[in-house]
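Numbering (this note's numbering), first residue to last: 40 to 549. Heads up: the structure comes next, in structure tokens.
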Ligand code: NAP
């Protein structure tokens with residue numbers, strides 16, 4: 040086994056750079072640590088603080104206020120007060136606010152990318168990409184706000200006119216995860232406020248600073264008080280208030296399937312609308328007619344982005360027996376060239392895992408796989424950088440019964456499975472309760488359509504490992520979720536249809 044590439048820059052040198060970037064961010068007013076409620080930055084009522092650490096070094100980078108139940112109720116009250124005015128505005132006026140927010144985000148993206156890397160660990164190039172993509176969602180939904188069309192229905196009786204109006208759902212609670220601290224917010228908040236809803240956002244405890252920086256920019260963009268509120272804190276406390284409140288009409292959640300199910304149950308007593316973006320277990324299938332070079336590039340791109348911590352990361356690499364050995368050799372070579380280190384260094388391609396629990400899960404999956412006969416071809420151990428860094432890893436001989444096949448590993452480990460037929464590949468690919476993303480490589484057009492239609496996944500990439508686009512619907516089947524984000528479908532999640540039946544319209548004028 041050859042060890043993976045060594046780090047680009049020492050963690051000490053990176054820490055000096057991090058301190059300088061944080062100073063710059065503070066000067067620019069982009070490091071906010073209080074709650075954002077009703078257009079004001081304010082302390083939490085309980086004086087408790089939640090520490091935010093750089094996952095690469097463990098260094099403290101901030102301490103945010105933690106919302107109490109009472110603070111959360113105040114945020115809901117602010118969103119409720121703002122709702123009538125916000126939904127009554129012409130769509131174009133709401134769009135203007137989104138446009139200005141997008142422009143401010145774009146002009147600060149370099150600073151915000153550093154903040155994102157510092158609190159979340161992803162390489163700075165990926166952080167810039169996340170912010171560019173976040174801005175694209177703000178722009179897209181600014182445009183889409185003007186297209187929330189209703190319908191005129193042919194009437195069933197003379198003297199009647201029938202309409203289907205599309206109206207905002209109301210106050211929306213949004214709960215987001217740490218792996219895309221900016222993008223997951225843009226993808227939810229932009230369509231919600233474009234539709235005329237108001238929002239109470241609970242960002243993740245691991246990475247709340249990007250959310251607060253986005254709220255600061257929203258405020259500078261002229262977002263009226265109460266339209267967007269941010270309350271971070273104990274998820275159980277904040278989550279309970281958000282889900283119990285009858286004033287909150289919808290929950291949009293991205294995170295683990297386990298927490299998604301819990302929140303869905305908590306929303307049942309008030310019959311809230313729910314949109315859930317949950318965990319994945321993506322297959323990446325390589326057929327024997329695939330362009331192997333492209334497949335290896337796609338596999339590395341989709342597996343090792345964000346150190347394997349994305350919901351659409353390939354979790355299982357299924358390779359046809361005829362090309363298995365050659366694919367594995369090329370994959371192992373490519374993975375060995377990945378540069379591991381602190382994400383603030385622009386040469387780095389793989390950063391740390393978010394925390395010790397994530398590292399332990401990766402180790403548990405590898406131990407289980409190797410004890411059941413899998414073989415590590417590259418990496419396989421905690422990285423010499425220490426902390427939560429893990430070596431980019433390739434494992435062969437993976438089998439369906441292993442934990443690595445059944446669960447989302449959420450780390451830089453590519454387990455390779457072997458298959459003989461298209462039917463076998465399909466059965467293996469679909470053998471999961473998750474149904475978010477899937478990828479496959481083939482040059483056979485018939486198979487591309489046949490296999491693409493048969494996969495039980497909401498998002499399918501054919502001959503690509505990168506499927507992100509704000510204009511396309513994104514979401515999961517089976518236990519990966521409910522609803523779609525992005526595209527006009529993403530706006531519809533936040534709109535309700537009202538049937539308006541107007542009688543007597545042809546009566547004689549008085
Ligand atoms: P998580 O533990 O489910 O947390 C997600 C959010 O839920 C965080 O804000 C968390 O708050 C909050 N939360 C946790 N327990 C809660 C509770 N009892 N009540 C209310 N809120 C609660 O997930 P994660 O580890 O942050 O994110 C990784 C998961 O997200 C993976 O499974 C990944 O596949 C999935 N994901 C899915 C998509 C998609 O689009 N389908 C996209 C990205 C990620 P705290 O941070 O304060 O604990």
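Ideal Cβ placement from N, Cα and C applies to all residues, glycine included. These numbers were taken from a predicted model, which means no experiment stands behind them.
{"Item": "Cα-Cα separation, residue 404 to residue 447", "Value": "10 Å"}
{"Item": "Among 441, 387 and 72, the one whose alpha carbon lies nearest that of residue 163", "Value": "387"}
{"Item": "Contacting residues, own chain, Cβ-Cβ under 8 Å from residue 539 (five flanking each side not counted)", "Value": "201, 202, 203 and 204"}
{"Item": "Three-pair Cβ contact test at 8 Å for the region 207-219 versus the region 279-298", "Value": "yes"}
{"Item": "Local conformation of residue 388 per DSSP, three classes", "Value": "coil"}
{"Item": "Beta-carbon gap between residue 436 and residue 413 smaller than 8 Å", "Value": "yes"}
{"Item": "Nearest-angstrom Cβ-Cβ length linking residue 158 and residue 220, presumed shorter than 8 Å", "Value": "7 Å"}
{"Item": "Outcome for residue 42 when other beta-carbon atoms lying within 10 angstroms are tallied against a minimum of 16", "Value": "Residue placement at residue 42 is flagged as unreliable, the pLDDT there being 47, under the threshold of 50; a coordinate-derived value is accordingly withheld."}
{"Item": "Buried/exposed call for residue 476, threshold 16 Cβ in 10 Å", "Value": "buried"}
{"Item": "Per-residue DSSP class, three states only, for residue 463", "Value": "helix"}
{"Item": "In chain order, each beta strand (DSSP E) run of at least 3 residues that lies wholly inside the region 410-439", "Value": "414-417 and 432-435"}
{"Item": "Any non-hydrogen atom of the ligand NAP closer than 7 Å to residue 308 Cβ", "Value": "no"}
{"Item": "Residue 300 classed as buried or exposed, judged by whether at least 16 other C-beta atoms fall within 10 angstroms", "Value": "exposed"}
{"Item": "Cβ-based neighbour list, residue 323, same chain, cut-off 6 Å, excluding 5 preceding and 5 following", "Value": "338, 353, 356 and 478"}
{"Item": "beta-carbon residue 517 near the ligand NAP non-hydrogen atom, thresh 7 Å", "Value": "no"}
{"Item": "Proximal residues to residue 230 (C-beta, below 6 Å), its chain only, five neighbours per side dropped", "Value": "180, 529, 530 and 533"}
{"Item": "Per DSSP, cross-strand counterpart(s) of residue 478", "Value": "323 and 500"}
{"Item": "Residue 41, DSSP secondary structure in three states", "Value": "For residue 41, the predicted model reports a pLDDT of 42, less than 50, meaning its position is unreliable and no value from the coordinates is stated."}
{"Item": "Span separating the alpha-carbon of residue 247 from that of residue 199", "Value": "52 Å"}
{"Item": "Environment of residue 188 [buried if 16+ CB atoms lie within 10 Å]", "Value": "exposed"}
{"Item": "Beta-bridge pairing of residue 80 - partner residues as DSSP gives them", "Value": "75"}
{"Item": "Residue 269 versus 459, 434 and 76, residue with shortest Cα-Cα distance", "Value": "76"}
{"Item": "C-beta contact flag for residue 398 and residue 392 at 8 Å", "Value": "yes"}
{"Item": "Residue 537 - DSSP class collapsed to helix/strand/coil", "Value": "strand"}
{"Item": "Beta-carbon spacing of residue 275, residue 107 below 8 Å", "Value": "no"}
{"Item": "Residue 513 (DSSP reduced to helix, strand or coil)", "Value": "strand"}
{"Item": "Inter-residue CB distance, residue 57 and residue 93 (contact presumed, cutoff 8 Å)", "Value": "6 Å"}
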